[in-house]
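Chemist: What follows is a structure written as structure tokens; I'll ask about it next.
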Amino acid sequence: MLKTISLEKKLLLVAGTLSLLFIALSTSYFLYVRNNVIEQRRCALEPRIKFIGSIITGYYQQYLDGELALLDAQSLAIERIHQINKNNDNYIFVFTDHYILLESINNSVLRYQNVKEIMDINGVKLYQLLHIEAVTRANGGYSRYYYYSNVNAIREEQEKISYTQYFSPWGWIYGEGVYINDVDASILNMLTSN
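In the working numbering, the protein residues as written are 91 to 284.
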């Protein structure tokens, strides 16, 4: 059959096949890089949250040692976390067992509000999910869900991965997350800048 096809059509067939192969390999490479970057960012959440845990524990120890009153220790811990959020463009959140949001740089209007019933577009109750992951896993846990992100001054729901831990003496859940779209944007920027 190939003998009856003209040379021009054979070349077009080869070019088309090579183009499809290039697209398949490029897509495969992009997905490979994307998965690696997501995994790196996911793994980077845990040490940052453990650092936040050490801050909370430090103020708790000052309370135990009688250096600070309980409310002062808690207020100072939240203020320190807030400063870390402001100074480093982080998104560390803290809420209580009663789902009162104590710190959230992106949701300051919800601060000191009950966030128990807040849901993502899939109907997942976000803070309940984060609470369960933090409380039921001894060393904290990861969660995937959708949450609001401000992209080009437009508020839209984006896929997010968060890592949360639980500080049982105060009944605090604290964590941080990364938006998947931020990962995609950084990969595209990396691939197109070379």
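Here a beta-carbon is modelled for each residue, glycine too, at the ideal position from N, C-alpha and C.
1) Have a look at V199 and L110 and give me their C-alpha separation to the nearest angstrom.
2) What are the boundary residues of the beta strand (DSSP E) that includes L192?
3) Is the beta carbon of L220 sitting closer than 8 Å to the one on S252?
4) Give the range of the alpha helix (DSSP H) segment to which I113 is assigned.
5) For a test of your reading of the model: does the CB of R201 fall under 7 Å from any non-hydrogen atom of the ligand SAH? Yes or no.
6) Tell me whether S276 sits in a helix, a strand or coil according to DSSP, three-state version.
7) Measuring straight from C-alpha to C-alpha, what distance separates G267 and I182?
8) Can you tell me which of S144, V123, Q152 and V104 puts its alpha carbon nearest to the alpha carbon of G265?
9) Where does V104 land, buried or exposed, given buried means 16+ other C-beta within 10 angstroms?
10) Between Y122, K215, V273 and H172, which has its C-alpha nearest N196's C-alpha?
11) Less than 8 Å separating the beta-carbons of G230 and Q248?
12) Counting C-beta neighbours from all protein chains within 10 Å, is the total for E98 16 or more, i.e. buried, or is it exposed?
13) In three-state terms, what does DSSP make of E249?
14) Report yes if the C-beta distance between Q164 and W260 is below 8 Å; otherwise report no.
15) Rounded to whole angstroms, what is the Cα-Cα separation between I222 and F112?
16) Can you tell which of L154, R170, A224 and S283 has its C-alpha closest to the C-alpha of E136?
17) Within 10 angstroms of its Cβ, does N175 collect 16 or more other Cβ (buried), or is it exposed?
18) Can you tell me whether E157 is buried or exposed? The criterion is at least 16 other CB atoms within 10 Å of its CB, across all chains shown.
19) Going straight from the alpha carbon of Y119 to that of T282, what length do you get?
Modeler: Put simply:
1) 50 Å
2) L191 to E193
3) yes
4) L97 to L154
5) Of ligands this structure carries none, so the ligand SAH is not represented either.
6) helix
7) 8 Å
8) S144
9) exposed
10) H172
11) no
12) exposed
13) strand
14) yes
15) 44 Å
16) A224
17) buried
18) exposed
19) 14 Å
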